[in-house]
Amino acid sequence: MLLAASALHADYSTQSGHGYSASLGELRERFASFGQEHVFRFWDVLGSAGRARLAAQAAALDLGALAAADRATRELAAPGARCLEPAPIQRLPEHGGDAKLAAAARECGEEMLAAGRVAALVVAGGQGTRLGFEGPKGAFPLGPLTDRTLFEQQAQKIQGLRHRYGRPMPWYIMTSAATDTQTRALFHSHAFFGLPEGDVYFFQQGMIPAFDFEGRLILDQPDHIFESPNGHGGSLTGLVASGALDDMERRGVSSIYYYQVDNPLGRIGDPVYLGFHAAAGADMSCKVIAKLDPLEKMGVVARIDGRIGVVEYTELDDEHRYARGSDGELVYWAGNIAIHVIEAAFARRAAANADRILPYHASAKKIPTIDDNGHPVAPSEPNGRKLERFVFDALTGARWVTVLETRRDEEYSPIKNASGADSPQTARRDLMAVYRRWLSDAGVEGLDVTAPIEVNHAVFDGPDDLRARRIRRVAEAGDAIRIAPGVAE
165 MLLAASALHA
175 DYSTQSGHGY
185 SASLGELRER
195 FASFGQEHVF
205 RFWDVLGSAG
215 RARLAAQAAA
225 LDLGALAAAD
235 RATRELAAPG
245 ARCLEPAPIQ
255 RLPEHGGDAK
265 LAAAARECGE
275 EMLAAGRVAA
285 LVVAGGQGTR
295 LGFEGPKGAF
305 PLGPLTDRTL
315 FEQQAQKIQG
325 LRHRYGRPMP
335 WYIMTSAATD
345 TQTRALFHSH
355 AFFGLPEGDV
365 YFFQQGMIPA
375 FDFEGRLILD
385 QPDHIFESPN
395 GHGGSLTGLV
405 ASGALDDMER
415 RGVSSIYYYQ
425 VDNPLGRIGD
435 PVYLGFHAAA
445 GADMSCKVIA
455 KLDPLEKMGV
465 VARIDGRIGV
475 VEYTELDDEH
485 RYARGSDGEL
495 VYWAGNIAIH
505 VIEAAFARRA
515 AANADRILPY
525 HASAKKIPTI
535 DDNGHPVAPS
545 EPNGRKLERF
555 VFDALTGARW
565 VTVLETRRDE
575 EYSPIKNASG
585 ADSPQTARRD
595 LMAVYRRWLS
605 DAGVEGLDVT
615 APIEVNHAVF
625 DGPDDLRARR
635 IRRVAEAGDA
645 IRIAPGVAE
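Numbers in the numbering used here are just positions in the sequence shown, counted from 1, shifted up by 164.
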């Protein structure tokens with residue numbers, strides 16, 4: 165049976181908990197006291213259905229908490245608000261790391277996987293709009309030869325882990341109001357990509373209103389206040405609110421392998437990473453790569469007021485952005501790639517203390533709105549501030565944190581743009597380069613290195629799988645390794 169959660173309300177909303185079922189006059193008076201009386205400016209021309217819709221939405225908002233969240237974003241962005249220092253990081257062996265420690269970590273991580281203590285969590289609330297794609301980003305076709313979607317590729321990786329370790333790996337998929345229906349339909353139409361339906365759990369992230377630059381709520385329709393998803397940090401509050409975390413605990417899951425849907429190179433269930441996390445007794449861990457340059461749009465790992473965390477690139481001042489050590493390397497070189505291991509018990513604590521350790525961040529955006537006549541307006545410039553929680557902020561609330569360096573060419577090639585850098589073209593290129601390295605490392609012969617190639621991750625998810633099956637030539641892998649038609653094997 166498919167496990168599913170109903171749509172969540174915004175973090176700062178409730179159906180009845182604030183006692184806003186009072187009269188319309190009291191509701192409007194409350195909005196006026198917060199300088200938000202404009203929300204009702206079309207009330208007299210709304211029909212009964214429109215009035216009911218607006219009143220229900222307005223009654224559910226906790227304006228005091230919203231105002232506090234908006235103020236906090238301004239304080240967070242203030243110059244000199246935080247003291248930054250470099251963080252300790254487990255480096256790659258080629259950068260001075262200890263290969264023996266990595267081998268021991270792998271063994272520990274494999275024990276966790278074999279015990280069924282690990283679940284996968286993907287945040288997949290985004291749409292493919294920037295890619296020119298209508299639908300959830302996870303439905304984007306990326307397979308170099310088969311057009312397999314991002315979701316199908318990730319399902320293959322989870323299938324491979326299930327086969328390799330002989331235990332289920334439940335998959336928790338965070339959607340949004342914009343992607344939930346289509347995502348569920350995609351999974352049903354593809355028979356859950358071969359995974360047991362009962363091991364796939366959908367839940368929605370919350371929604372939160374946005375503010376204009378004067379701190380006023382924005383109407384996108386005469387009878388509706390604009391709301392947007394509450395950010396990937398909403399995954400932790402969403403796990404609790406939806407019952408997903410309870411489901412994990414019933415299954416004996418202790419560690420959550422978190423990742424974002426748009427990075428096809430990211431490993432799922434990396435035993436080395438899991439092992440370092442477990443050996444440190446960490447509440448939460450973070451994978452990083454070396455930034456290409458100071459201006460690369462990646463948050464950096466640092467000690468923030470004495471605690472390990474991530475500073476978003478939009479909030480990093482130039483003094484720290486360009487700082488270099490005596491070796492010429494960036495002091496704050498460790499770019500966050502949004503792959504975390506989070507203890508289930510810590511996720512519950514973080515959600516319970518979300519206002520303290522998962523503060524909202526604001527960014528200027530072009531937000532759909534209406535004019536004084538109630539007609540829709542698509543702004544050409546940013547006209548307001550969207551609020552989001554960032555999951556990496558939970559790091560500062562963890563008692564112990566592990567930060568592990570990985571290789572960019574092995575684990576990071578996100579799909580952000582329709583063309584150019586971080587696009588489907590670069591992701592396919594980098595994915596095929598990974599496949600060719602696997603074959604080379606395993607000593608597989610018979611591949612034209614210029615040929616487009618695709619590997620079924622359920623069968624081969626690295627060179628070790630190729631060695632274990634004694635694959636010596638590409639043809640011996642059957643359709644688990646596909647190359648472009650007409651290329652000799």
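C-beta atoms are modelled at their ideal positions from N, C-alpha and C, and glycine is treated no differently. Small disclaimer: the values here were computed from a predicted structure and weren't measured.
| Query | Result |
| --- | --- |
| Through-space distance from T560 to Y496, alpha-carbon basis | 17 Å |
| Under the three-state DSSP convention, the category S185 falls into | Because the pLDDT of S185 is 46, which lies under 50, any placement of that residue in the model is unreliable, and the question is left without a value. |
| Alpha helix (DSSP H) segment containing E476, residue limits | Segment: none, E476 is in no alpha helix (DSSP H) and carries neither H nor E. |
| Where T293 falls, given that 16 or more other Cβ within 10 Å makes a residue buried | exposed |
| At least three beta-carbon pairs within less than 8 Å, the segment 362-372 to the segment 331-349 | yes |
| DSSP state of I501 mapped onto helix, strand, coil | strand |
| Secondary structure, alpha helix (DSSP H): runs of 4+ residues fully inside the segment 284-364 | 314-329 and 344-353 |
| Inter-residue spacing [alpha-carbon to alpha-carbon] between E552 and G473 | 17 Å |
| Alpha carbon of L314 to alpha carbon of Q323, nearest angstrom | 14 Å |
| For E413, the three-state DSSP class (helix, strand or coil) | helix |
| Extent of the continuous alpha helix (DSSP H) to which T401 belongs | G398 to S406 |
| Bridge partners - T533, DSSP secondary structure assignment | V541 |
| Unbroken beta strand (DSSP E) run spanning E618, endpoints | I617 to V619 |
| Residue burial classification, A639 (beta-carbon count within 10 angstroms, cutoff 16) | exposed |
| Residue span of the beta strand (DSSP E) that contains T566, given as start and end | V565 to E569 |
| Any 3 or more C-beta pairs closer than 8 Å across the segment 527-542 and the segment 440-449 | no |
| Contact set for L568: own chain, Cβ-Cβ below 6 Å, skip 5 residues either direction | Q254, Y437, F440 and K451 |
| CA-to-CA distance, L459 to D491, given in whole angstroms | 19 Å |
| C-beta contact flag for R636 and E618 at 8 Å | no |
| P588, DSSP secondary structure in three states | helix |
| Three-state secondary structure (DSSP) of Q200 | coil |
| Where P257 sits in the DSSP three-state scheme | helix |
| With 16 other Cβ atoms within 10 Å as the buried cut-off, status of P517 | The sequence as given places Asn at residue 517; Pro does not occur at that position. That one is exposed. |
| Limits of the alpha helix (DSSP H) - the one that D573 falls within | R572 to E575 |
| Residue closest to A279, alpha-carbon to alpha-carbon, out of G299, V209, R328 and E391 | R328 |
| Same chain, Cβ closer than 7 Å to W207, five either side skipped, listed in chain order | R215 |
| Opening and closing residue of the alpha helix (DSSP H) in which C272 lies | A263 to A278 |
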